[in-house]
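Data block below; observations after.
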């Protein structure tokens with residue numbers, strides 16, 4: 003089951019985090035936090051597809067939906083991550099509808115796309131319940147339970163967002179504000195009217211086409227405001243940064259308490 007899809011259908015919000023800590027125990031621990039999804043990052047971390055494969059099983063056991071941000075819009079990383087069991091594929095560097103069409107072709111089975119088939123981990127090597135109704139049943143289930151999410155981080159993506167969000171096979175859009183603002187020539191200026199307008203345009207395109215709208219937030223207030231503004235989910239923080247902030251706060255408070263005694 004893809005928790006993010008189920009919650010979206012029920013009108014519920016989802017919360018996830020970006021994972022750079024390369025450790026299965028950490029992934030398992032997220033299952034006790036209330037997080038709905040974890041996004042493993044091949045684009046900006048040293049992790050590769052082979053390394054994160056076991057994390058998908060850990061996510062499944064912990065009841066967390068597994069996202070993977072691949073390193074490029076290419077067939078090999080999309081196919082390999084799906085075959086390994088990833089439930090959601092996030093694709094960076096999107097700035098045209100043609101790129102998205104290719105990603106759908108690689109990530110969706112017939113009749114939506116042309117994903118290659120092999121008995122892989124994703125389908126329990128042919129023994130998973132997905133195969134209960136044969137190959138066509140397996141492909142139908144995968145198409146329904148696998149999300150393809152283009153990452154909106156370029157002006158080109160914003161300019162074509164209505165077409166992209168309307169495509170059959172696109173499950174949603176993830177906005178990454180830092181890269182988008184840099185591409186717009188206003189790095190970090192999230193209060194800039196042009197940036198606000200672009201984010202609103204992406205959100206509206208998702209809502210108009212009943213697609214999942216997700217935004218990245220680095221603070222509690224950002225995350226809260228995004229969800230209240232209508233986003234269906236937030237990618238909240240980077241796990242390493244959260245770890246640093248938590249321990250830094252603990253140490254600072256303890257040192258302060260010692261000085262006061």
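Numbering (our numbering), first residue to last: 3 to 263.
Note that the Cβ used here is the ideal one computed from N, Cα and C, for glycine as well.
Keep in mind it's a predicted model, so treat the numbers as computed, not measured.
Sequence-distant partners of residue 129 (beyond 5 residues in either direction) whose C-beta falls short of 7 Å from its own C-beta are missing from its chain. Leaving aside the five residues that flank residue 159 on each side, the residues in its chain whose CB is nearer than 6 Å to its CB run, in chain order, 96 and 97.
Here the alpha carbon of residue 221 sits roughly 34 Å from the alpha carbon of residue 100. Assignment of beta-bridge partners to residue 98 by DSSP yields no partner. Taking C-alpha positions only, residue 82 is separated from residue 146 by approximately 18 Å. Taking C-beta atoms under 8 Å as the contact rule, residue 213 and residue 173 qualify, at a distance of about 7 Å. By the criterion of a C-beta distance shorter than 7 Å, residue 140 is surrounded in its chain by 125, 132 and 133, once the five residues flanking it on both sides are discounted.
The beta carbons of residue 89 and residue 25 sit about 20 Å from each other, so the pair does not count as a contact at 8 Å.
When DSSP reads this structure, residue 20 sits in a beta bridge with 41 and 240. Around the beta carbon of residue 110, 16 or more other beta carbons sit within 10 angstroms, so the residue counts as buried. The segment 225-244 makes contact with the segment 200-212: 3 or more CB pairs, one atom from each, lie closer than 8 Å. Here residue 195 is exposed. Its C-beta has fewer than 16 other C-beta atoms within 10 Å.
A residue is called buried when at least 16 other Cβ atoms come within 10 angstroms of its Cβ; residue 253 does not meet this threshold and is exposed. When the five nearest sequence neighbours on each side are left out, the beta carbons in the same chain lying within less than 6 Å of the beta carbon of residue 154 are those of 175, 177 and 204, in order along the chain. Exposed is the label assigned to residue 12, since fewer than 16 other Cβ atoms lie within 10 Å of its Cβ. Along the length of the segment 183-222, whole alpha helix (DSSP H) runs at least 4 residues long occupy 195-210, reported in chain order. For residue 157, no pairing in a beta bridge is given by DSSP.
By the CB criterion at 8 Å, residue 42 and residue 70 fall inside the cutoff. Taking C-beta atoms under 8 Å as the contact rule, residue 64 and residue 32 qualify, at a distance of about 6 Å. Nearest neighbour of residue 121 by Cα position, chosen from 136, 6, 184 and 245, turns out to be 136.
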